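S.K.: Numbering (the numbering used here), first residue to last: 21 to 155.
Built from N, CA and C at the ideal position, the CB exists for glycine as well.
Predicted model only: the values in this text are computed from it and were never measured.
Below you will find the structure I want to go over with you.
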């Protein structure tokens, strides 16, 4: 019985060296993690800096970037959500609804299928007709 227990928990030289190496690596990693705050200093941010930065940001007008050159149309069958979001009047939720509808249909065959996703107003329908295409 004693031999069976001893053979179960005994390790040969290679196994012992492997265990020692792994334990050494673990101890080094723990020591590095514990002393990281001594090596890397976090930048100090004061409340005044945050207030000034937020005022500067809030005073700047929001600039819309145009994803496509003028005259180029977006193919509704190949557009991704970011491309759809770049269109005025199309937000994150609506772009996902359009993509979900396209996935259900396989592809759009006409603009009416896009309009069925949401009750677009006339201004948005006009913009979609000018800036998108179904191919």
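#1: Which value, in whole angstroms, describes the spacing of the CA atoms of residue 139 and residue 120?
#2: Between the alpha carbons of residue 106 and residue 153, how many angstroms are there, rounded?
#3: If you run the structure through DSSP and keep just helix, strand and coil, what is residue 34?
#4: When we look at the beta-carbon of residue 115 and count the other beta-carbons within 10 Å, is it buried (16 or more) or exposed?
#5: Whose CA, out of 46, 94 and 34, lies closest to the CA of residue 149?
#6: How would you call residue 104, buried or exposed, if buried means at least 16 neighbouring beta carbons within 10 angstroms?
#7: For residue 94, write down the residues that DSSP places opposite it in a beta bridge.
#8: With distances taken Cα to Cα, identify the nearest neighbour of residue 108 among 123, 132 and 147.
#9: Can you list, in chain order, the residues of its chain with a C-beta nearer than 7 Å to that of residue 127? Leave out the 5 residues immediately preceding and following it.
#10: Report buried or exposed for residue 118, applying the criterion of at least 16 other Cβ atoms within 10 angstroms of its Cβ.
#11: Have a look at 143, 112, 99 and 135 and flag the residue whose alpha-carbon is nearest the alpha-carbon of residue 155.
M.R.: So, from the data block:
#1: Cα to Cα, residue 139 sits roughly 16 Å from residue 120.
#2: Each residue's alpha carbon lies about 15 Å from the other.
#3: Here residue 34 sits in helix by DSSP.
#4: The residue in question, residue 115, is buried, as its Cβ has 16 or more Cβ neighbours within 10 Å.
#5: Taking residue 149 as reference, the option from 46, 94 and 34 with the minimal CA-CA separation is 94.
#6: Burial call: buried.
#7: According to DSSP, which records beta bridges pairwise, residue 94 is partnered with 152.
#8: If we check each option's Cα against that of residue 108, 147 comes out closest.
#9: These residues qualify, in order along the chain: 97.
#10: Looking at its Cβ environment, which holds 16 or more other Cβ atoms inside 10 Å, residue 118 is buried.
#11: With distances taken between Cα atoms, residue 155 lies closest to 99.
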